[in-house]
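Engineer:
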Amino acid sequence: GQQVMQIPQYQHVQEGEDFTTYCNSSTTLSNIQWYKQRPGGHPVFLIQLVKSGEVKKQKRLTFQFGEAKKNSSLHITATQTTDVGTYFCAGGGYNKLIFGAGTRLAVHP
Amino acid sequence: ETGVTQTPRHLVMGMTNKKSLKCEQHLGHNAMYWYKQSAKKPLELMFVYNFKEQTENNSVPSRFSPECPNSSHLFLHLHTLQPEDSALYLCASSQDRGGANVLTFGAGSRLTVL
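Order-wise, the sequence lines are chains A and B. Just so we're aligned, residue 745 is where the first sequence starts under the numbering used here, counting upward by one. Just so we're aligned, residue 7 is where the second sequence starts under the numbering used here, counting upward by one.
1. Would you say the region 45–59 of chain B touches the region 112–119 of chain B, given that touching needs at least three Cβ pairs under 8 Å?
2. Note down, in chain order, each residue of its chain lying with its Cβ closer than 7 Å to the Cβ of B:Ser78, except the 5 sequence neighbours on either side.
3. Going straight from the alpha carbon of A:His819 to that of A:Phe763, what length do you get?
4. Between A:Ser816 and A:Leu793, how many whole angstroms is the CB-CB distance? I'm expecting something under 8 Å.
5. Measure from the C-beta of A:Asn768 to each C-beta in chain B and report whether the shortest distance is under 8 Å.
6. Rounded to whole angstroms, how far is the Cβ of B:Leu84 from the Cβ of B:Lys24, which I believe are closer than 8 Å?
7. Would you call B:Asn107 buried or exposed, if buried means 16 or more other Cβ atoms sit within 10 Å of its Cβ?
8. Using CA coordinates, which residue listed in B:Ala113, B:Asp102 and B:Gly112 is at the minimum distance from B:Gly34?
9. Pick from B:Leu82, B:Pro72, B:Glu73 and B:Pro67: whose alpha carbon is nearest that of B:Pro14?
10. Drop a sphere of 10 angstroms on the beta-carbon of A:Gln747, count the other beta-carbons inside from all chains shown, and report buried for 16 or more, exposed for fewer.
11. Determine the extent of the beta strand (DSSP E) in which A:Tyr838 is found, giving its start and end residues.
12. Indicate whether at least one CB of chain A lies closer than 8 Å to the CB of B:Val108.
13. Between A:Lys795 and A:Val788, is the Cβ-Cβ spacing less than 8 Å?
14. Beta carbon of B:Gln43, beta carbon of B:Ala113: below 8 Å?
15. Using a Cβ cut-off of 7 Å, pull out every chain B residue sitting near A:Gln777, in sequence order please.
16. Would you say A:Asn839 reaches chain B, if we count a Cβ-Cβ gap shorter than 8 Å as a contact?
17. Please state if the CB of A:Glu761 and the CB of A:Pro853 are separated by a distance shorter than 8 Å.
18. Could you please tell me which residues of the region 53–77 of chain B, in chain order, have their CB closer than 7 Å to any CB of chain A?
19. Between which residues of its own chain and A:Lys813 is the CB-CB distance below 6 Å, once the five residues before and five after are set aside?
20. Skipping 5 residues on each side, what residues in its chain have a beta carbon closer than 7 Å to that of A:Tyr831?
21. Find the residues of chain B that neighbour A:Gly745, judging by a C-beta separation of less than 8 Å, and give them in chain order.
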C-alpha cells in the first residue's frame with residue numbers, strides 16, 4: 745500500500761540555525777500537505793502543494809514539491825523557539841491522505 | 007477555537023467502563039474522521055465518515071464503536087478498553103472525502119485507561 749516516509753524523526757537545533765524535514769512517498773501524489781503540532785496541541789494545517797516542482801513560502805518557511813510529485817521538503821530559515829513542535833507531511837492519493845510519522849523539532853535558545 | 011470541538015478533553019476510565027467521545031464541527035464539512043495518536047506510533051486513521059456514512063474502518067477493534075448521526079457530529083463509543091488504548095484521540099473534518107481535502111483537527115481527547 746501507499747507509504748509516506750518522513751525524515752529525520754527528531755532534530756535538535758540552536759536558535760538561529762536552519763532546519764529541513766523531508767517527505768517521500770512510494771507512489772505519485774495528487775498533492776502534499778504540511779501540518780504543525782505544537783507540544784500538547786493538535787495538528788494544524790500549514791500549506792498544500794499541488795503542482796509538480798511547486799515552491800511556496802510562508803515567512804521563514806519554504807515548502808517544495810518534487811518534480812515527480814513523490815517527495816517534498818519543509819525548510820525553516822533561522823529557527824526560533826516558536827518553531828518548536830512536530831511537523832507532519834501528508835501525501836494525498838485518490839481517496840486517501842497518508843500521514844508521515846512526523847519530525848519533532850527542538851530549538852535551544 | 008478550530009471549528010472542530012471535542013469533548014471531553016481528558017478522560018480517565020477503567021477497563022470495564024463505558025464512555026463516549028464527542029466531536030462537533032461547525033464548518034459545514036461533509037467528511038469526519040477519528041485518528042489515534044500515541045507516543046509510540048504516528049497518526050493512525052481509525053474511521054472515516056462521508057455524508058454520515060462510514061467509508062473506512064482501518065481494522066479497529068470492536069471495543070471502539072463510532073457513530074455519526076449527521077454530518078456535524080461524530081461519536082466514539084468506548085467499552086472494555088485496554089491500557090494500550092491510552093492515547094490522544096483526534097477528530098478531524100474536511101469538506102469532502104478524498105486525498106486532496108485539507109483536514110481541520112479538533113483539540114483532541116486525552117484518554118487514559120487504567
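Each residue gets a CB set at the ideal place from its N, CA and C atoms; glycine is no exception.
Structural biologist: In this structure, then:
1. no
2. Position 72 of the second sequence, counted from the first residue, corresponds to residue 78 of chain B. Glu30 and Gln31.
3. Against the first sequence, residue 819 of chain A aligns to sequence position 75. Against the first sequence, residue 763 of chain A aligns to sequence position 19. Between A:His819 and A:Phe763, the C-alpha separation is close to 6 Å.
4. Translated into positions along the first sequence, residue 816 of chain A becomes position 72. Translated into positions along the first sequence, residue 793 of chain A becomes position 49. That belief holds up - the Cβ atoms of A:Ser816 and A:Leu793 are roughly 7 Å apart, short of 8 Å.
5. Position 24 of the first sequence, counting from 1, holds the residue named residue 768 of chain A. Not an interface residue.
6. What you label residue 84 of chain B is simply residue 78 of the second sequence in a count that begins at 1. What you label residue 24 of chain B is simply residue 18 of the second sequence in a count that begins at 1. Rounded, the Cβ-Cβ distance is 7 Å, consistent with contact.
7. For the purposes of this step, residue 107 of chain B is taken as the residue at position 101 of the second sequence. Its Cβ being crowded by 16 or more others within 10 Å, B:Asn107 is buried.
8. For the purposes of this step, residue 34 of chain B is taken as residue 28 along the second sequence, with counting starting at 1. The shortest Cα separation from B:Gly34 among B:Ala113, B:Asp102 and B:Gly112 belongs to B:Asp102.
9. For the purposes of this step, residue 14 of chain B is identified with residue 8 of the second sequence, where counting begins at 1. Of the candidates B:Leu82, B:Pro72, B:Glu73 and B:Pro67, the one whose C-alpha sits nearest the C-alpha of B:Pro14 is B:Leu82.
10. Locating residue 747 of chain A in the first sequence gives position 3, where the first residue counts as 1. That one is exposed.
11. The residue labelled residue 838 of chain A in the question sits at position 94 within the first sequence. Run containing A:Tyr838: none; DSSP gives neither H nor E here.
12. For the purposes of this step, residue 108 of chain B is taken as residue 102 along the second sequence, with counting starting at 1. So yes, B:Val108 belongs to the interface.
13. Against the first sequence, residue 795 of chain A aligns to sequence position 51. Against the first sequence, residue 788 of chain A aligns to sequence position 44. In this structure, A:Val788 does not lie closer than 8 Å to A:Lys795 by Cβ.
14. Along the second sequence, one-based indexing puts residue 43 of chain B at 37. Along the second sequence, one-based indexing puts residue 113 of chain B at 107. No. Outside cutoff.
15. For the purposes of this step, residue 777 of chain A is taken as residue 33 along the first sequence, with counting starting at 1. Here the neighbours are Val108.
16. Within the first sequence, residue 839 of chain A is the residue found at index 95, counting from 1. Closer than 8 Å to some Cβ of chain B, the Cβ of A:Asn839 qualifies, so yes.
17. Walking along the first sequence from the start, residue 853 of chain A turns up at place 109. Walking along the first sequence from the start, residue 761 of chain A turns up at place 17. The answer is no: Cβ separation not under 8 Å.
18. none
19. For the purposes of this step, residue 813 of chain A is taken as residue 69 along the first sequence, with counting starting at 1. Cβ within range, chain order: Thr772, Leu773 and Ser796.
20. Taking the first sequence and counting its residues from 1, one reaches residue 831 of chain A at position 87. Once the five neighbours on either side are set aside, the close Cβ partners of A:Tyr831 are Thr765, Trp778, Lys780, Leu818, Gly846, Thr847 and Leu849.
21. As a working mapping, residue 745 of chain A is identified with position 1 in the first sequence. Within 8 Å Cβ-Cβ: nothing; A:Gly745 doesn't reach chain B, min ~11 Å.
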